[in-house]
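One point on numbering: in full-length UniProt numbering, the residue at position 275 of the sequence shown is 275, and numbering is uninterrupted.
Note that CB positions come from ideal geometry on N, CA and C, so glycine has one too.
The block underneath contains the structure these notes are about, expressed in structure tokens.
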Amino acid sequence: MSTELSVASFDYLGEAWTLIDCPGSVELGHEARCAMMVADAVVVVCEPQPERAVAVSSLLRFLDERDIPHLIFVNKMDQPKASVRATLEALQAYSTRPLLLREIPMRDEAGQVTGMVDLVSERAWRWQPHQASALVSLPERLLDEEGQARSTLLEALADFDDRLMEELLEDVVPSTDDIYQNLTRDLQDDLVVPVFFGSAENGNGIHRLLKALRHEVPASEVTAARRGISTDQGPTAEVFRTLFAGQTGKVSLARVWAGEIRDGLTLGRDRIGGVSALMGRKSTSRRSAQAGEVVALSRMASAATGDLLCGERGIEADWPEPPPPLFAVALSAQRQSDDVKLTSALGRMCQEDPSLKSEHNPETGELIVSGQGDLHLQIMLSRLQSEYGLTVTRERPTLPYRETITRPGQQHARHKKQSGGHGEFADVLIEVRPEPRGSGFRFADRITGAWCPSSTSRRSRRGSNPTSRAARSDFRSWTWPCRSWTAAFTRWTAPTWRSRRPRRRRCPS
């Protein structure tokens with residue numbers, strides 16, 4: 001299972017193709033969803049195990065919500081007892097679109113899958129490991145099963161085509177071209193989900209899948225129209241992935257929707273510092289890229305994942321929000337001199353993966369990194385070591401508790417200070433009582449029948465609040481901040497000081 005997004009551009013049957021391999025883990029799903037937003041179609045790969053269908057349930061729901069055309073490829077069908085129908089029934093529970101089986105398996109006497117029968121062309125193919133499949137005659141024992149499966153396929157297509165429905169009611173066999181046209185239209189409108197199967201390791205079923213993608217997947221102009229992106233406003237590109245690649249610096253992976261993207265062009269607020277085609281970890285410099293291509297744009301300092309760049313300004317576009325974090329750890333550099341480097345590295349990694357969060361907890365003084373699970377954070381820790389040379393300590397975050405009082409009480413205090421002159425004296429009574437949870441701290445001045453200086457009231461307020469600096473040393477018995485209580489200033493007395501200086505008298509004239 002891959003743990004990071006990878007882009008591969010190549011030629012197939014004389015046409016330019018770009019495949020984006022997405023991570024398969026649920027914890028890395030946001031990275032996959034960002035790539036799906038710029039794709040013409042998505043191939044969801046799963047295994048022939050019905051109990052594992054829930055692993056792709058979140059992806060199927062996302063594709064249905066966003067109306068993204070998608071197909072399903074059931075891999076590892078060369079395993080013993082592999083059942084595509086049982087897997088199909090399990091997957092249907094998580095998809096609002098009908099799943100259409102495009103092929104049925106051929107099996108030997110031991111029940112091992114040895115090939116497949118195409119339900120549209122009604123041709124049978126026998127698999128050969130790492131070789132092209134051989135065209136064979138349709139076995140007689142599969143005629144009834146093939147006819148029933150083909151009828152199910154046509155009936156599902158007829159739900160979206162009245163003319164096809166009339167032909168089926170009149171027992172008219174539709175032509176192969178009409179069936180392919182219905183499949184193409186329904187896939188591009190995201191009405192159905194075709195299902196193929198094979199063995200990727202042995203190269204079985206891959207050629208048939210690629211041919212279906214070649215003929216039935218919508219063009220980039222159709223995808224842009226589905227997304228509501230105008231292609232009449234000059235060069236337009238959308239960033240779906242941000243990377244920091246060593247000395248190259250910041251790299252933005254983008255899908256070109258319109259116009260020609262070339263080196264030196266200004267998109268958004270940045271000037272493109274280079275255009276490259278990707279093939280895994282290798283990149284090839286190019287002068288320009290045309291509409292429909294996926295390229296890497298260098299030194300786009302202001303560009304972020306999800307930005308739709310057009311001309312010298314950006315355009316707001318719909319983009320999935322990162323999921324809230326589910327798992328957190330407290331990190332600290334083993335060497336104190338690496339603290340700044342650790343903070344900088346985490347900032348870059350959060351730009352690359354918006355589902356990763358890094359923040360400093362002011363109450364506990366810890367550096368908290370949050371993600372989607374333990375695997376997500378393990379990948380982050382591995383990258384800190386391999387890419388940034390940082391050795392960190394991982395600990396469980398300290399919970400920032402809160403404290404409160406449980407019953408009312410009083411506190412009497414007397415202040416005396418004599419340092420020459422008049423000196424200072426005050427007699428103060430503070431009453432406290434609990435309040436409903438979440439109400440915070442409140443201070444009430446309830447002095448009646450006497451005059452109290454405002455400075456004394458302010459000092460009493462600061463002294464009663466355990467979160468203020470003035471009172472921290474007086475609340476050593478409270479480990480955590482105290483909340484949901486009220487302090488009332490109810491009594492204050494101080495003597496009336498008389499001046500000892502003799503009064504001056506005016507001498508009579």
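- Per DSSP, the unbroken alpha helix (DSSP H) holding Gln378 starts and ends at Asp374 to Tyr388.
- Fully enclosed alpha helix (DSSP H) runs of no fewer than 4 residues occupy 143 to 158, 162 to 169, 176 to 188 and 206 to 216 of the stretch 139 to 223, in order along the chain.
- If the five residues before and after Leu267 are omitted, its C-beta is found closer than 6 Å to the C-beta atoms of Leu309, all from its own chain and listed in chain order.
- Of the residues assessed, Val329 falls on the buried side of the cut-off, its CB having 16 or more other CB atoms within 10 angstroms.
- Assignment of Gly29 by DSSP, reduced to helix, strand and coil, places it in the helix class.
- In this structure the stretch 316 to 327 lies against the stretch 370 to 381, because at least three pairs of beta carbons, one per stretch, are closer than 8 Å.
- Exposed is the label assigned to Lys211, since fewer than 16 other Cβ atoms lie within 10 Å of its Cβ.
- Linking Leu100 to Gly440 through their CA atoms gives a straight-line distance of about 58 Å.
- Taking C-alpha positions only, Leu63 is separated from Arg442 by approximately 50 Å.
- In this structure, DSSP gives Met300 a state outside helix and strand, which the three-state scheme calls coil.
- For Ala86, the enclosing alpha helix (DSSP H) begins and ends at Val84 to Gln92.
- With respect to the C-alpha of Met37, the residue from Val239, Ser344 and Val251 having the closest C-alpha is Val239.
- Around the beta-carbon of Ser95, 16 or more other beta-carbon atoms lie within 10 Å, marking it buried.
- Taking the CA atoms as reference points, Gly246 sits about 12 Å from Ser298.
- Assigned with DSSP and collapsed to three states, Gly347 falls in helix.
- The Cβ-Cβ distance between Trp127 and Ser199 falls below 9 Å.
- By the 16-neighbour rule on beta-carbons within 10 angstroms, Thr305 is buried.
- Secondary structure at Pro23: coil, using DSSP grouped into helix, strand and coil.
- Rounded to the nearest whole angstrom, the C-alpha separation of Gly14 and Thr114 is 30 Å.
- Excluding the 5 residues flanking it on each side, Ser2 has same chain C-beta neighbours closer than 7 Å at Asp21, Pro23 and Gly24, in chain order.
- The alpha-carbon separation between Thr184 and Lys357 amounts to approximately 41 Å.
- In terms of Cβ geometry, Val432 and Gln411 form a close pair [threshold 9 Å].
- DSSP places Met37 in the helix class (H, G or I) of the three-state scheme.
- DSSP places Leu399 in the coil class of the three-state scheme, outside both helix and strand.
- Burial of His30 is indicated by the presence of at least 16 other C-beta atoms within 10 angstroms of its C-beta.
- The alpha-carbon of Trp485 is positioned some 7 Å away from that of Thr404.
- Fewer than three Cβ pairs drawn from the stretch 224 to 242 and the stretch 202 to 210 lie within less than 8 Å of each other, which leaves the two stretches out of contact.
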